[in-house]
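Residue numbers (the working numbering), protein chains in the order written: chain E, 1 to 309; chain C, 310 to 567; chain D, 568 to 825; chain A, 826 to 1079; chain S, 1080 to 1333.
Backbone N, C-alpha and C fix where the C-beta goes; we use that ideal spot for every residue, glycine too.
Note that the coordinates shown come from a computational prediction; the quantities given were computed from them, not determined experimentally.
Structure first, commentary second.
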Amino acid sequence: RPAPAPDGLLRLGHFPNVTHLQALVARSFSREGRGWFEERLDREVRWFVYNAGPSVAEAIFARSLDAAYMGPSPMLNAYVRSAGREMRALAGAVNGGAALLVHPNSGIRTAADFRGKKLATPQLGNTQDVQARAWLSAQGFAVSLTQHEVYVLPTKNADQLSLFARGDLDAIWTTEPWASRLEMEAGARVFLEDRDTCATLLVARTAFAETQTELTQKLAAAHRELTAWISSHADEAAARVRAELRELTGAEVSAELLARARRRMTLTDQIEAVQLQTLLEQAHAAGFLRASPDLTALLRHCTSVRQPS
Amino acid sequence: MNDPQAPPAKLLIDGVNKTFRNSRGEVLALDTTTLAVDEGEFVCLVGPSGCGKSTLLNLVSGLDTPTHGRVLMDGNPVTGPGSERMVMFQEHALFPWLDVLGNVLFGLKLKPGLDAKERVDVAKYYLKLVGLERFLKASIHELSGGMRQRVALARALAPNPRVLLMDEPFAALDAMTREQLYADLQKISAAQKKTVLFVTHNVREAVCLGDRVILFSPNPGRIREQFKVALPRPRDINDPALSVLAGEITRALKSHTA
Amino acid sequence: MNDPQAPPAKLLIDGVNKTFRNSRGEVLALDTTTLAVDEGEFVCLVGPSGCGKSTLLNLVSGLDTPTHGRVLMDGNPVTGPGSERMVMFQEHALFPWLDVLGNVLFGLKLKPGLDAKERVDVAKYYLKLVGLERFLKASIHELSGGMRQRVALARALAPNPRVLLMDEPFAALDAMTREQLYADLQKISAAQKKTVLFVTHNVREAVCLGDRVILFSPNPGRIREQFKVALPRPRDINDPALSVLAGEITRALKSHTA
Amino acid sequence: MKRLFIATAFFALLVLAWHLLVRAEIWSPVLLPGPAAVGEYLWASLLDGSLASSSWVTLKRLMIGYLIGCLAGLPLGMLTARSNTLNDTLGVLALGLQTLPSVCWVPLALIWFGQSESAMLFVVVMGTLWSVLISVDNGVRNLPPIYTRAARTMGSTGFHTLRHVILPASMPYVISGMKQGWAFAWRSLMAAEIYVTLLSGYGLGHLLHFGRELNAMEQVTGVMLVIVLIGLLADKILFSPWERFLHRRWGLNG
Amino acid sequence: MKRLFIATAFFALLVLAWHLLVRAEIWSPVLLPGPAAVGEYLWASLLDGSLASSSWVTLKRLMIGYLIGCLAGLPLGMLTARSNTLNDTLGVLALGLQTLPSVCWVPLALIWFGQSESAMLFVVVMGTLWSVLISVDNGVRNLPPIYTRAARTMGSTGFHTLRHVILPASMPYVISGMKQGWAFAWRSLMAAEIYVTLLSGYGLGHLLHFGRELNAMEQVTGVMLVIVLIGLLADKILFSPWERFLHRRWGLNG
Ligand SMILES: Nc1ncnc2c1ncn2[C@@H]1O[C@H](COP(=O)(O)OP(=O)(O)OP(=O)(O)O)[C@@H](O)[C@H]1O
Ligand SMILES: Nc1ncnc2c1ncn2[C@@H]1O[C@H](COP(=O)(O)OP(=O)(O)OP(=O)(O)O)[C@@H](O)[C@H]1O
Ligand SMILES: [Mg+2]
Ligand SMILES: [Mg+2]
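Written as structure tokens, this is what we have:
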């Protein structure tokens, strides 16, 4: 098994995705040799790119990552699956940035019209997938791996666009920038918009958080500072995000697309415990989790938890 | 035999030779050879290993074509194999995916004018002749070498061909079975006036069965000498008169090879 | 042989029988059999197919163990195969992954006291004896059946065993090669006082080679009769005196089987 | 009896050791789920029908694709073996395509057929076809010529020879080719299912992939057990009878 | 000569037909890239070294995993063939695991080893090991007993028999088992590379996957051609010499 990182090295994971705003901006600083985290933690930072939450969880389980940006559902999943051992949340990052879009020809006007339709989500058990299932259940549809009153189809983001354009999909519940791309490139209509639910968090491997407490706190602090910086330097941050995405994926994100996407996202460094609890229960209801344990341990190292009043 | 009034020879091997090409060059397996076999004649071919006996049989069967010369049957050129010239190969060549009965039936099914019941009856008759009536359903791999040769014999005899080409058919048999089959083969070929070309290493066997014994010598393969066997039939392999002739032929064989 | 003063028999098969169990039940392959073979004696076993000749050889070689009774060599029980009793199997049993020389060397390498050069010399000597000096590097599959048997013979002779167990070693050979090997085998076994057990279907061969000829009959396999062969050595297979004895044995064989 | 007992005892011990290791919590439970967790998963998904429906989806894809592959590969293999021209063209093509792991067709298949059953079928057929073709070609090419020669002297020609001599004589090769084709089809279908989610039904590969997505190792392990079971059963049902037949009739082993 | 010409002409015609079909724009160019586009991609990625480096990454993984699998499978197969107890335990286990497409190990391997080379190696070893083990077991089990009997009468025992008789005599099976192990290893590595992106190096499977992600079908097709090429070369270099040896020495075909 891979050994824990040598001292002086911090291994950070993230997606090449606009909802990982902080990571993209910080990494663009690193690229210029004045890394945001490097300067504040006095550590060499090595970035690793993932494109799915479960891979991040795998990497954390396998001790090949120290901390990462990831969505709440995979984080909760990893926390529960490891019996609360392997995963710790440090801070919030981005809320919202997701939408439910429908095909103009799908004939969907009201929630009741979803019966028998095909609804795609980015990935089984990810945040949008859990939310979609919870929402559909709330609308009275029976949805599970074997019940298909609405077909919930976990489909890769890259494939969604072409399938949607061909009319193979009626609706998509996804995150930015795909939601905006669907609007702009495939004429998708927004059915529901989500600006508030937790979308990205900063998490750490338990052993890392517990053995290097000071470093962990410094990391969270630097992240909070970065979040504030992005809020106050919106244009420079946007430019850095576009440049970084070009570096990572080789694809150009238009300024218009980014702006549109940015409008659905809310920057934050807070974690709302209630939201996590809700997501946990929804995942439990969808059959993805068999237990819904206490979240205290998960949030033990997080100094910015908003507890229910 | 060259009498213009006589009927044409059943088989005429006319100035035939055969060259094989292999990695190291050309092998003249059979030098220019002429041989006429009359209807109903039993001709035995004897000679050391590699002298072209099997090659000659393959040419007559139509499986191979001569490099020069021609093979005629009833005056017509042989252009390919056919069921009127049945072959018993040196290897037994039985089909392992069929049982004993199935192997004998294979040739019979290709012969028109028989219904299913008659075919089975014929097959059983010949299997009984070779003493295998209790092994109709046996697989080939379950038989001993001698039993396999006997199945091959039954398979060759069953379609009642006019010409039989047999390549060391009795090599793997014990003395007793062999003597039995000498008697049966003589009976069959006499009764049905079959024309037989018969290859063997065993000179006594050749003298016992053949009307003529033809000696081959190798490198290149060619006919060296012929012996008419005028002994009365049916012949017994242990007959002293037969031994005398066999001794004479054996001496001739040695002198050609030495 | 039962004289208390005499040295113990080289081989003593003492009240041995052998039962095989197969899917259909038990087969008594060899009924209770006793046979003593003296040092230097050449004993031929003759009998129809399936009478237990190969079975007996396997018991003596130590590859199989008797169901009852025991096999002694020089007074000591045989507990397993060993290179002092070399076997020539009915199938040739050559190793296809070795060339001709390699096959003969296999047994020599397991014999202590020879260096590499001596081994090759010994192997070449015996390959020359069987007329294969030009095929040292040939692959087994390139040889004809008769050549394979000759390689197997060389392989069995090369380590110079005290006892030779040979199962139809000459079946695939043509008459001339065979006569040559009769002479050689007689010379070798006389010169080196080898004890030989020799299975054959050919009664004349048995009489030509054996000091004693033992007749088996099948179902169950048992010894029926023994013949001392008192003819002077070296013997020629075409000797008329030999033919007379062979005829007598053949008649005895027929009477037991009929 | 005694051997059966040893085998049973061995596997019981294996499961016990597994259980104890997991209980001892040497590793984190995400790394290795215990047999109890796996059993629970299997039981639950048997009850809710997801295991049965996925197995059925997978088997249907496999069977149809495999059948098409065999039906095309058998005659094509015979043809390439009998004709030099076909062998130099189609035969060389087949040789190349056989070395291509058929999961590599997935991207093209998805573009050509969309995320549909046809795409899966295509991948399975590509996995089967070439390997069957080449084995049959090999089998026919290596037939001892003595069989066809013997048949010809008995008056057999053309199609009769093909049907009654060449086909049965190359049986051992054909069977082993079909067995290998099955193994490749099975592997490529699993790889394809794990790699892409289909709109038209979840197979066992999807369950495995979902297990990974949810970090649910007891699901991964459970599905793996089911896959092993299906593999063993397929072998028993599809190939054992043929092999027993060959063994009995030809005296072949294996 | 004439046959070589026919083969060349056939493939040239194939490429030409492909080119014309694409030129005629019957299909959208995303569905089927033309040979020119594929050629361009191959040339470009040859020049920038990405093709060479990916091939090297893939081959390294394959070679190491395959070697480990063979080195473990050979002796284990001999052991299971000679011991009933081992056969009833390890042998049965191997039979089951052999039917498991080794790509199914990927989720567990990722959890156990992380997204690392070890995970890939594990998958490749699982693809090779069981199939080699079972072929060797089969080969040794089906040896004609006459060989060992003959060797014993010449005084060979124990390890000498194993080394000088059993091992060479089971050669044909061992070679064919190693060949099948190679095919499985190759397939499982491709499937694993397509399925998971590794941090430690991009192999050919990754190039294929990226081609799909970018809808760059000329990349997909180009990489497929490279995979075919490597497969053919591996066959030529690794197995042809052995097969020629067997053919020459044993008179076996194939
Ligand atoms: N297909 C072939 N290719 C090359 N050479 C061949 C071929 N068939 C036969 N020969 C050669 O032709 C010669 C005659 O062979 P043939 O089989 O006719 O001998 P034979 O008289 O039947 O010998 P045997 O008594 O051993 O059966 C031999 O030297 C043999 O090597
Ligand atoms: N391994 C075995 N299992 C079952 N039966 C056997 C076995 N080996 C031999 N037998 C049977 O034992 C009997 C004697 O066989 P054996 O091989 O000793 O005969 P043989 O005298 O050598 O005959 P042949 O002249 O055909 O070689 C036969 O009936 C045979 O079927
Ligand atoms: Mg011949
Ligand atoms: Mg015998």
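Exposure label - residue i; buried when at least 16 CB within 10 Å
{"i": "LEU1110(S)", "result": "exposed"}
{"i": "ASN912(A)", "result": "buried"}
{"i": "ASN1078(A)", "result": "With a pLDDT of 48 at ASN1078(A), under the threshold of 50, the modelled position of this residue cannot be trusted; read the value that follows with caution. When all chains shown are included, ASN1078(A) counts as exposed."}
{"i": "LEU872(A)", "result": "exposed"}
{"i": "VAL766(D)", "result": "buried"}
{"i": "GLU310(E)", "result": "Within the shown structure, residues of chain E are numbered from 1 to 309, placing residue 310(E) beyond reach of any answer."}
Nearest to residue i (by Cα), restricted to the options the options
{"i": "ASP741(D)", "options": "ALA461(C), GLY359(C), ALA492(C) and PRO529(C)", "result": "GLY359(C)"}
{"i": "PHE392(C)", "options": "LEU474(C), PHE351(C), ASP408(C) and ASN385(C)", "result": "The displayed chain sequence assigns Ser, not Phe, to residue 392(C). Selected option, being the one with the closest Cα: LEU474(C)."}
{"i": "LYS319(C)", "options": "ASP340(C), ALA338(C) and LEU344(C)", "result": "LEU344(C)"}
{"i": "ALA1229(S)", "options": "ASN625(D), ARG789(D) and ALA738(D)", "result": "ASN625(D)"}
{"i": "LEU24(E)", "options": "LEU280(E), VAL49(E) and ARG40(E)", "result": "VAL49(E)"}
{"i": "HIS643(C)", "options": "GLU477(C), VAL369(C) and PRO541(C)", "result": "The question about residue 643(C) has no answer here: the residues shown for chain C are numbered 310 through 567."}
{"i": "ILE558(C)", "options": "GLY440(C), MET485(C), LEU524(C) and LEU372(C)", "result": "LEU524(C)"}
{"i": "ASN963(A)", "options": "ALA944(A), THR978(A) and SER995(A)", "result": "SER995(A)"}
{"i": "MET1303(S)", "options": "GLN1044(A), LEU1058(A), VAL931(A) and GLY980(A)", "result": "VAL931(A)"}
{"i": "ALA1313(S)", "options": "TYR1145(S), GLY1118(S) and PRO1154(S)", "result": "TYR1145(S)"}
Beta-carbon gap between residue i and residue j smaller than 8 Å
{"i": "PHE208(E)", "j": "ALA297(E)", "result": "no"}
{"i": "TRP311(E)", "j": "GLN212(E)", "result": "Residue 311(E) lies beyond the stretch modelled for chain E, which goes from 1 to 309, so this question has no answer here."}
{"i": "VAL1136(S)", "j": "PRO1114(S)", "result": "no"}
{"i": "LYS636(D)", "j": "GLY582(D)", "result": "Per the sequence shown, the amino acid found at residue 636(D) is Gly instead of Lys. A contact, by the Cβ cut-off of 8 Å."}
{"i": "GLY384(C)", "j": "PRO317(C)", "result": "yes"}
{"i": "SER1013(A)", "j": "SER879(A)", "result": "no"}
{"i": "ARG652(D)", "j": "VAL730(D)", "result": "yes"}
Chain C contact residues for residue i, given Cβ-Cβ distances below 9 Å
{"i": "HIS659(D)", "result": "Per Cβ cutoff of 9 Å: no residues; HIS659(D) is ~13 Å from chain C at best."}
Partners in chain D for residue i, counting only beta-carbon separations shorter than 9 Å
{"i": "SER564(C)", "result": "Under the 9 Å cutoff, chain D gives no residues; its nearest Cβ is about 12 Å from SER564(C)."}
{"i": "TRP1329(S)", "result": "PRO663, TRP664, SER706, ILE707 and HIS708"}
Close-in-space but distant-in-sequence residues of the same chain around residue i (CB under 8 Å, 5 per side omitted)
{"i": "GLY1056(A)", "result": "TRP1011"}
{"i": "LYS821(D)", "result": "none"}
{"i": "GLN716(D)", "result": "HIS659, PRO736, PHE737, ALA738, ALA739 and LEU740"}
{"i": "LEU219(E)", "result": "LEU10, PHE37, LEU41, ALA67, LEU90, LEU202 and ALA204"}
Within chain A, the residues that residue i reaches when beta carbons sit closer than 8 Å
{"i": "GLY125(E)", "result": "PHE1035, GLU1038 and LEU1039"}
Partners in chain A for residue i, counting only beta-carbon separations shorter than 7 Å
{"i": "THR1178(S)", "result": "VAL1053, GLY1056, LEU1057 and ASP1060"}
{"i": "SER370(C)", "result": "THR978"}
Close beta carbons around residue i, own chain, < 7 Å, minus the five adjacent residues each side
{"i": "PHE1070(A)", "result": "none"}
{"i": "THR1022(A)", "result": "HIS1031"}
{"i": "ASN319(E)", "result": "With chain E represented from 1 up to 309, any question about residue 319(E) goes unanswered, as that position is not in the structure."}
{"i": "PRO468(C)", "result": "SER392, MET395, GLY416, LEU417 and LYS420"}
{"i": "ARG1(E)", "result": "With a pLDDT of 39 at ARG1(E), under the threshold of 50, the predicted position of this residue should be treated as unreliable, though the coordinate-derived value follows. Answer for ARG1(E): ALA62 and ARG63, listed in chain order."}
Below-8 Å beta-carbon distance, residue i vs any chain F residue
{"i": "GLY674(D)", "result": "Among the protein chains of the structure shown, namely E, C, D, A and S, there is no chain F."}
Cβ neighbours of residue i in the same chain (closer than 6 Å, five flanking residues each side left out)
{"i": "GLU244(E)", "result": "LEU24, ARG27 and SER28"}
{"i": "MET1253(S)", "result": "The amino acid at residue 1253(S) is misidentified as Met; the sequence shows Val. Correct list, in chain order: VAL1215 and GLY1218."}
{"i": "ASN157(E)", "result": "PRO122 and TRP178"}
Proximal chain A residues relative to residue i, where beta-carbon distance stays under 9 Å
{"i": "ARG85(E)", "result": "SER853, PRO854 and VAL855"}
{"i": "PRO468(C)", "result": "MET979 and GLY980"}
Contacts of residue i in chain D (Cβ-Cβ under 8 Å)
{"i": "TYR1226(S)", "result": "ALA660 and PHE662"}
Contacts of residue i in chain C (Cβ-Cβ under 8 Å)
{"i": "GLY814(D)", "result": "ASN547"}
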